[in-house]
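J.: Take this structure first; my questions come after.
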Amino acid sequence: MSTMRNLTFDAIIIGGGGSGLRAALELAKSGKKTAVLSKVFPTRSHTVSAQGGITCAIASADPNDDWRWHMYDTVKGGDYIADQDAAEYLCSEGPKAVFELEHMGLPFSRFDNGRIYQRPFGGQSKDFGKGGQAARTCAAADRTGHALLHTLYQNNLKNNTVFLDEWYAIDLVKNANGDVVGCIALCIETGEIVHVKSKATVLATGGAGRIYASTTNALINTGDGIGMALRAGFPMQDMEMWQFHPTGIYGAGTLVTEGCRGEGGYLINKDGERFMERYAPNAKDLAGRDVVARSMVMEVLEGRGCGENGDHVMLKLDHLGEEVLMKRLPGIVELSKTFAHVDPVKEPIPVTPTCHYMMGGIPTNVHGQAITQDGDGNDQIVNGLFACGEAACVSVHGANRLGGNSLLDLVVFGRAAGIYIDKALSEGIEYLDASASDIERATSRLARWNESSGGESVPELKAELQNTMQNAFGVFRQEDNMQEGVKKLAELRERIGQAHLGDKSDVFNTARVEALELDNLLEVAEATAIAALDRKESRGAHSRYDYPDRDDVNWLKHSLFHPGDKTVTKRDVNFTPKTVDTFEPKVRTY
Amino acid sequence: MVTNITNLGRSGLSDWLIQRVSAVVLALYALFVVAYLLFHPNLDYVTWSGLFSQTWMRIFSLLAFISMAAHAWVGLWTVSTDYLKHTGVRFAFQAVVILAIFVFLVWGVQVLWGA
Amino acid sequence: MSNLQVSVYRYNPETDSAPYMQEFQIDTQGRDLMVLNILTMIKDQDSSLAFRRSCREGVCGSDGMNMNGTNGLACITPLSDVVKDNKLVLRPLPGLPVMRDLVVDMGLFYKQYERMQPYLQNDTAAPAIERLQSPEERDKLDGLYECILCACCSTSCPSFWWNPDKFVGPAGLLQAYRFLADSRDNATQARLAELEDPFSLFRCRGIMNCVAVCPKGLNPTRAIGKIREMLLSNAT
């Protein structure tokens, strides 16, 4: 390994999606030597698929809107295990971050007065839940993620950010003190392995929806950052919390935005009944996503599902009229025709709850600094390691994320991490250099795959892993199923450790990348499974048949999965926002 | 900015405009000649040279020749920069074309006013 | 009829002296799959096949390729749209250097995009809230901002094939107009000046292959015409 090339940056950002690009922009603007390392060209990142919008109290649809109402909704939506200081930061800093995006050129849709268009989304209220439905999601038609990602990429070009496009980060490099001092990366085009040295390493690698067989996530969402952090020995928070989006297109898994229901669409069962009126009499179809997803599964289980197998429900939009659909939801019309062979102007779209978002991730503070714990359970900052976006768990989403809060999370905490790193770099950071053995440790799994000479194939093992997660850790969970799932994952770990990489070529070897991704899927799946088995209650997206109720006495806590001994401990939730009163846990109804 | 020193107008916009305006002139001229031929089915040399002895016809014809020269230069320059990737070959081609256009233009003037 | 005959362009610079076409028989079980599904099925058999893919729903622009002679996105192209006589021929996007198999080097394409300075330029002080824009002004961006940079258009354009270093190509020009048309941008003169030479914009000959292949239904030729109008009214 002595011939390995070094690249040195002030900050390396792994991941070219919304949060990574926002962090990079902050650093590039202040002249720090910043590189974004992304396994795909940045505008191919999964942020591009976000549709409905970015939720933020910019007081456009309602001039009296208040970020505190948004914060209340966020905390309630997260079933009270969102950290309230973080939710406070998200919602109060949000307007600044959204206006910045507009100034950068994001083509938001507009109201007649020229201000940014906002639409209603699930879980939104005025006056702390007492003032009815709010309209707080800023939108660029139904292509907000696309518009946001392209805008951020364009502004990084403007500010001369260095891009390592189609490079794949393999593992973090830690020095003798346990500080993160960079990563080992693979240039996909040439196959070269490079040691990227940096004083700040930001994991902005997004989600890992591909641990499930059915997901709205892009094929690239394999939890690479989570896998790297777990292998480096860092804990993961709230990994049992996976959001199932109510409206994935049946069969294809592609997303249909919640904005459809925000614009007035609703779900119907096989009798044509608007069933959400029974489950959430006030918010109806705009209840929290976890609530709607569970209601849909209940309808199917009780025999009111649609289709030959009665295994899905329908999203009705035709009553909105062609003009509204073409103006506000043109992308949905297109997707429905392509993937459901249905024209929503005329017929309802078949939909089913589909894995969508990872609320858990690398625990961080509001500055994006990764957190671990010492032997006595005290929080400790990991030097040199940062995380933002879906890979991070700040935590603002708690046990269930509200629609439109993800894009806000990306830009607010991407920006926050950038600001913090910029300041820290200016003040000066010095870490011990990595030794040869530190570097060798970070290349060991690549060496394992490169030396493999036989064993099972990657696609088969991946499919088995995805089916295991789908069957045992879906919308509803129970002890025996999950026990079996955990056992199956342990067996898969053995087999993946022996699996075979058939193609050992250097130039654009996507088989090697997929093999390395499989390692990460396994790490994420295992953390999810063990954390889910551990949490003996139902909260937010984590619903158990055997523990159907929320248990605030024992479980008003974050879970923390420790990769070393594969144990789960509890971590306190923050209930002390700086400028508002604490939102005390209440029964969550919509 | 791409630099170009051998194209006609030094700007894509003026080349584009020259191409369109010269095309209109050539179309009008062609229409006129075709119509003239149709209205004179038994055309003889005297009538034909009579037409070209009138000053307005000579000016119209000269305008058409100049348009033809400009149109051809813009068009062939474009073709040469599309397909001839070797600089020497492209330069030689352009030189031949411009020489030919110059010769035809001078010759045309001589034909119009010489006889 | 469910056995589809698929012919795929293969080239690995490490081992192949020249590209070749490889034949595969794929059992579709009569389903009208997307072309990307077929590629995945082939890759499950032969892991060495290289192609790009990400969102698998037509918004990321990764899997632009040439399918039975027409450029498009593999993930949203159903077999019924392209397959003729039970045959499917898959090639990389034409006109760009091939790195491996169906993966092309998009460097020139991106370079032309970057040359258009594809970001909002406004040197007036930003207000405390958003810059206002009427719905009518915003409507002018529809059909422009949706571009996903898949390169299906530029790589189907003969003018781009001949001069990829000088002609911006339909994708870049669409972006140029997206900012020219934005009421919030005030770099109009500089943007137009960049396009006045004989190649950058004027090499468009109105062939309209770009319009025919755009998977998002956009119309770069129309945008190019609009820029030409702006240049003309600027100069006369």
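Residue numbers (this note's numbering), protein chains in the order written: chain A, 1 to 590; chain B, 1001 to 1115; chain C, 2001 to 2236.
Glycine included, every Cβ here is placed at the ideal spot set by N, Cα and C.
The model shown is predicted, which means the values in this text are computed figures rather than measured ones.
Find the nearest neighbour of Val194/A within the set Thr201/A, Ala200/A, Leu186/A, judged by alpha-carbon distance.
T.: Among Thr201/A, Ala200/A, Leu186/A, the Cα nearest to that of Val194/A is on Leu186/A.
J.: Output needed in chain order: residues of the region 1077 to 1090 of chain B with a Cβ under 9 angstroms from some Cβ in chain C.
T.: Listed by position along the chain: Trp1077, Thr1078, Thr1081, Asp1082, Tyr1083, Lys1085.
J.: What are the start and end residues of the beta strand (DSSP E) that includes Lys197/A?
T.: Taken as a continuous stretch (DSSP letters only), the beta strand (DSSP E) holding Lys197/A covers 193 to 203.
J.: Is there at least one Cβ from chain C nearer than 9 angstroms to Asn1042/B's Cβ?
T.: No, because no Cβ of chain C sits closer than 9 angstroms to the Cβ of Asn1042/B.
J.: Tell me whether the beta-carbon of Tyr2009/C lies closer than 9 angstroms to the beta-carbon of Leu2090/C.
T.: Yes, Cβ-Cβ distance for Tyr2009/C and Leu2090/C is below 9 angstroms.
J.: Could you name the residues of the region 273 to 304 of chain A whose beta carbon sits closer than 7 angstroms to any beta carbon of chain C, in the order they occur along the chain?
T.: Listed by position along the chain: nothing, the set is empty.
J.: With a cut-off of 9 angstroms, does the C-beta of Phe2160/C fall near any C-beta of chain B?
T.: No, Phe2160/C lies away from the interface with chain B (no Cβ there is under 9 angstroms from its Cβ).
J.: Looking at chain C, which residues of the region 1012 to 1026 of chain B have a Cβ within less than 9 angstroms of any of its Cβ atoms?
T.: Those would be Gly1012, Leu1013, Ser1014, Asp1015, Trp1016, Leu1017, in chain order.
J.: So, are the CB atoms of Leu2231/C and Leu1013/B less than 9 angstroms apart?
T.: Yes, they are a contact pair.
J.: Please decide whether Glu2196/C counts as near chain A, where near means a Cβ-Cβ distance under 9 angstroms.
T.: Not one chain A Cβ lies under 9 angstroms of Glu2196/C.
J.: Is there a C-beta anywhere in chain A that falls below 9 angstroms from the one on Asn2122/C?
T.: It does; some Cβ of chain A falls within 9 angstroms.
J.: Shortest alpha-carbon distance to His70/A belongs to which of Phe99/A, Arg294/A, Gly131/A, Leu465/A?
T.: Checked all of Phe99/A, Arg294/A, Gly131/A, Leu465/A; the closest Cα to His70/A is Gly131/A.
J.: Counting C-beta neighbours from all protein chains within 10 Å, is the total for Ala35/A 16 or more, i.e. buried, or is it exposed?
T.: So Ala35/A counts as buried.
J.: Taking 9 angstroms as the threshold (C-beta atoms), are Val1097/B and Trp1077/B in contact?
T.: The answer is yes: Cβ separation under 9 angstroms.
J.: Suppose only complete runs of 3+ residues qualify. What are the beta strand (DSSP E) ranges in the region 65 to 135 of chain A, listed by chain order?
T.: With a minimum length of 3 residues, the continuous beta strand (DSSP E) runs that stay inside the region 65 to 135 of chain A are 118 to 125.
J.: Tell me the residue span of the alpha helix (DSSP H) that contains Arg535/A.
T.: Careful: Arg535/A lies outside any alpha helix (DSSP H) and carries neither H nor E.
J.: Please determine if the region 24 to 44 of chain A and the region 157 to 170 of chain A are in contact, where contact requires at least 3 C-beta pairs separated by less than 8 angstroms.
T.: In short, these stretches touch, since the Cβ pair count reaches three.
J.: Identify, in the order they occur along the chain, each residue of the same chain with its Cβ nearer than 7 angstroms to the Cβ of Thr2077/C, setting aside the five sequence neighbours on each side.
T.: Met2034, Val2035, Met2067.
J.: Count the other C-beta atoms from every protein chain shown that fall within 10 angstroms of the C-beta of Ala340/A, then say buried if there are 16 or more, exposed otherwise.
T.: So Ala340/A ends up on the buried side.
J.: Starting from the C-beta of Met1068/B, find all residues in its chain whose C-beta is less than 7 angstroms away, skip the five residues before and the five after it, and write them out in chain order.
T.: Closer than 7 angstroms at the Cβ level, and outside the excluded window around Met1068/B, lie Leu1026.
J.: Mark Tyr2020/C as exposed unless 16 or more other C-beta atoms lie within 10 angstroms of its C-beta, in which case mark it buried.
T.: It is exposed - the Cβ of Tyr2020/C has fewer than 16 other Cβ atoms within 10 Å.
J.: By Cβ distance, which residues of its chain are closer than 8 angstroms to Met482/A, with the 5 residues on each side in sequence left out?
T.: Only Ala472, Phe473, Ala529, Ala532, Leu533 meet the Cβ criterion.
J.: Go ahead and label Ile381/A buried or exposed: buried means 16 or more other beta carbons lie within 10 angstroms of its beta carbon, across all protein chains shown.
T.: Exposed: under 16 other Cβ atoms inside 10 Å.
J.: Do you know how far the Cα of Leu2093/C is from the Cα of Ser2017/C?
T.: Cα-Cα distance, rounded: 20 angstroms.
J.: With which residues is Glu334/A paired in a DSSP beta bridge?
T.: Glu334/A pairs with nothing; no bridge assigned.
J.: Suppose the cutoff is 6 angstroms on Cβ atoms and the five residues either side in sequence are ignored; what does the same chain contact list for Pro2164/C look like?
T.: The answer, listed in chain order, is Leu2108.
J.: Using CA coordinates, which residue listed in Val486/A, Gln478/A, Phe476/A, Leu492/A is at the minimum distance from Glu460/A?
T.: Among Val486/A, Gln478/A, Phe476/A, Leu492/A, the Cα nearest to that of Glu460/A belongs to Leu492/A.
J.: Can you round the beta-carbon distance between Gln2025/C and Gln2005/C to whole angstroms, since I take them to be within the 8 angstroms contact cut?
T.: Confirmed, about 7 angstroms.
J.: Distance, Cα to Cα, Thr8/A vs Ile14/A?
T.: The straight-line gap from Cα to Cα measures roughly 14 angstroms.
J.: For Gly182/A, is the classification buried or exposed, using 16 other Cβ atoms within 10 angstroms of its Cβ as the cut-off for buried?
T.: Per the 10 Å Cβ criterion, buried.
J.: List, from N- to C-terminal side, the beta strand (DSSP E) runs of 3 residues or more that fit wholly inside the region 369 to 456 of chain A.
T.: Here the runs fully enclosed are 369 to 373, 379 to 387.
J.: Report yes or no: do the region 2039 to 2046 of chain C and the region 2115 to 2125 of chain C share at least 3 C-beta pairs separated by less than 8 angstroms?
T.: No, the region 2039 to 2046 of chain C does not touch the region 2115 to 2125 of chain C.
J.: Within 9 angstroms (strictly less), CB to CB, does Arg2228/C reach chain B?
T.: So yes, Arg2228/C belongs to the interface.
J.: Checking 9 angstroms against the spacing of the C-beta atoms, do Lys557/A and Lys570/A come in under that value?
T.: For Lys557/A and Lys570/A, yes; Cβs fall inside 9 angstroms.
J.: If we require 4 or more residues per run, which alpha helix (DSSP H) segments fall completely within the region 2144 to 2180 of chain C?
T.: Listed in chain order, the complete alpha helix (DSSP H) runs (minimum 4 residues) inside the region 2144 to 2180 of chain C are 2158 to 2162, 2169 to 2180.
J.: May I have the straight-line CA-CA distance separating Ala86/A from Gln237/A, to the nearest angstrom?
T.: Their Cα atoms are separated by approximately 15 angstroms.
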